[in-house]
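In my numbering, the protein residues as written are 334 to 679.
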Ligand SMILES: [Zn+2]
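Here it is in C-alpha cells:
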C-alpha cells in the first residue's frame, strides 16, 4: 500500500509517499481502507517537526483520526463486518498492562496515541483492534466523521473537567480554531454562556455563527475589560485555553472568577507562560490539563449529535493524501478556517 512515511523529524518535506506492506488483521483486529484523516497543528505538525516531547519513534506514519471502510476482519471479530463505515478512537492498547492482557483494551492504563505513539492513518489502509473502530451514522461523510472524532470528544472531556454548569459564563480562547470551535458548540449544548475570543474580527464572527453569545477580538480589544463588563465584574467560571500564547495566557487567566478553572490542552502559541501564583491561591483558582478527559462514549455521543445536525462541522478542504506536504504548509500558515482533511483515494 501507499503511505506517507517520515524517516526523520523536520519540515513538511520529511514526509515521503512510499510503498509499505499492507497490514493483515490478526485475531480481534480490523483492517480499514482509509477515506479521511485530518491535519492538525498541535499534533501532526509538532510531531512531524519533532517538537512537544511526544515519544514518537521513527520511521513514523502520522494520522490521529482516520475514518474509512472495513475491508477485512480478523478471527473472533463479531461487532464489525466488511463494508461497514467506521472512524478510529485514538487511544491504542499498550498490549502489556493488566487490562490489555485481559483484552479489555479500552481500559488500558497506558494507551498510545494513534498517529503519535503508534502508526496512524496517513496510509491507504490501517489495522487496529476492533474496539478502536466506531460505526459512523449513515448521514455523516467520512471527512465529517474524522472531524467529529478529532475534536468533539475532547471538547466534551474538557467541559467535564472544567465542571461548568448551565447558565455560567465561560471564555473560549482561539474560539474559531479546530478545538475551540468545537468547545463553543459543546458548551452551548449545555446552555453555558460563552464568550468567544479570537485574534481577528473574521474569526470572532465565525465563533459567533457557531452560537457563542459574545465575541472579543483579543488583538484589538481589552480582553480582561470586556470579560469584566460582560460578567458584571465577576469574571468567568471557566476558561478554555488551548493556545498557550505567552502574551495572551495571563489575560485569560485574569478573566477567571473566584473559584474558577482554566482548562488547557494545547500550546501551539508557544506553551511557555507565566503563572500569577498569588492570584491562583488567593482566588482559589485551578489550572487543569484536559488530557485524559476523552472517552469512547463521548465519541459515540458526538457522532450521533453530528448526524442529527446539532453540530456544525467546519471543513476547509479535502486534499489527496499524497499532497500531505502541501497540506502541512497550508495548515502551518494558519489561514484555513476549519479542518484540512486528507483522502488517500483521491
Ligand atoms: Zn494496556
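Ideal placement from N, C-alpha and C gives every residue a C-beta, glycine not left out.
Given the structure is predicted, the values throughout are model-derived calculations rather than measurements.
For the pair of segments examined, the segment 390-407 was found to touch the segment 358-370: the number of CB pairs separated by less than 8 Å reaches three.
The C-alpha of residue 349 lies about 11 Å from the C-alpha of residue 393. Taking C-beta atoms under 8 Å as the contact rule, residue 381 and residue 601 fail to qualify, at a distance of about 13 Å. Closest in alpha carbon position to residue 578, among 551, 462, 525 and 590, is 551. Assigned with DSSP and collapsed to three states, residue 676 falls in strand. Within the DSSP bridge table, the entry for residue 595 names 572 and 620 as partners. Around the beta carbon of residue 614, a 10 Å sphere encloses fewer than 16 other beta carbons of the protein chains shown; the residue is thus reported as exposed. In this structure, residue 421 lies away from residue 444, with their beta-carbon atoms at least 8 Å apart. For residue 468, the enclosing beta strand (DSSP E) starts and ends at 466-468.
Burial is judged here by how many other beta carbons sit within 10 angstroms of a residue's own beta carbon; residue 357 has fewer than 16 and is exposed.
Taking every protein chain shown into account, the CB of residue 580 has fewer than 16 other CB atoms within 10 angstroms, so this residue is exposed.
In the DSSP annotation of this structure, the continuous segment of the alpha helix (DSSP H) that includes residue 640 starts and ends at 629-640.
With fewer than 16 other CB atoms across the displayed protein chains lying within 10 angstroms of its CB, residue 436 is exposed. At least one heavy atom of ligand 1 lies closer than 7 Å to the C-beta of residue 429. Straight across, the Cα-Cα distance linking residue 446 with residue 371 is about 15 Å. Here residue 491 is buried, its C-beta having at least 16 other C-beta atoms within 10 Å.
When 520, 640, 507 and 391 are compared, the shortest CA-CA separation from residue 534 is found for 507. Taken in chain order, the unbroken stretches of beta strand (DSSP E) that lie wholly in the segment 440-514 and span 3 residues or more are 458-462, 466-468 and 502-506. In the structure shown, residue 660 adopts helical secondary structure according to DSSP, grouped into three states.
Annotated as proximal: residue 617 and residue 592, with beta-carbon spacing under 8 Å. Taking C-beta atoms as the reference points, residue 463 and residue 359 fail to come closer than 8 Å.
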